[in-house]
Amino acid sequence: MFLGAGIIWLLLRFKYEAKRASSDEKLRYLEKELETNRTDIEQKEKQIIDLNRSLSGKEADLKNIRERLLEQKSELEKIQDKFRLEFKNLWPGNNTSVFVSSNFLYF
1 MFLGAGIIWL LLRFKYEAKR ASSDEKLRYL EKELETNRTD IEQKEKQIID
51 LNRSLSGKEA DLKNIRERLL EQKSELEKIQ DKFRLEFKNL WPGNNTSVFV
101 SSNFLYF
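With my numbering as the guide, the letters of the sequence shown map in order to residues 1 to 107.
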C-alpha cells in the first residue's frame with residue numbers, strides 16, 4: 001500500500017513538474033514576445049514623431065511656396081497690365097502710326 005501511494009505520488013510529482021516546466025517555458029516565451037512588441041511599439045512611436053516633424057516642415061515649405069506663387073502672380077499681373085497699356089498706346093488710332101502684323105510691329 002505504501003508502495004502504491006509512493007508510485008502515485010512520484011507520478012503526480014513528475015506530471016506537476018512537467019506542467020510547471022511547460023508553464024515556465026510558456027511564460028518565458030510570452031515575456032520575450034512582450035519585450036519584442038514593446039520594442040516594436042517604441043520604434044513605431046519614434047517613426048511617427050519623425051514623420052510628424054517631416055510633415056510639419058513640408059507644410060511650412062508648401063505655405064512658403066504658395067505665398068511666393070501669389071507674389072509672382074501679382075507681379076505678373078502688374079507686368080501684363082503695363083504691357084497692355086503700352087501696347088494700347090502703340091495701337092493705331094492713338095495718334096501713332098503703328099501697323100501690327102502677326103510677327104512684327106511696323107512704325
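We put the beta carbon where it would ideally sit given N, CA and C, even for glycine.
- In the three-state reduction of the DSSP assignment, Trp-9 falls in the helix class.
- Rounded to the nearest whole angstrom, the C-alpha separation of Lys-78 and Glu-71 is 11 Å.
- When only Cα atoms are considered, Lys-26 and Gly-4 end up about 33 Å apart.
- A direct Cα-to-Cα measurement between Asp-24 and Leu-30 gives close to 10 Å.
- Excluding its 5 nearest sequence neighbours in each direction, Glu-35 has no C-beta neighbour in its own chain below 7 Å.
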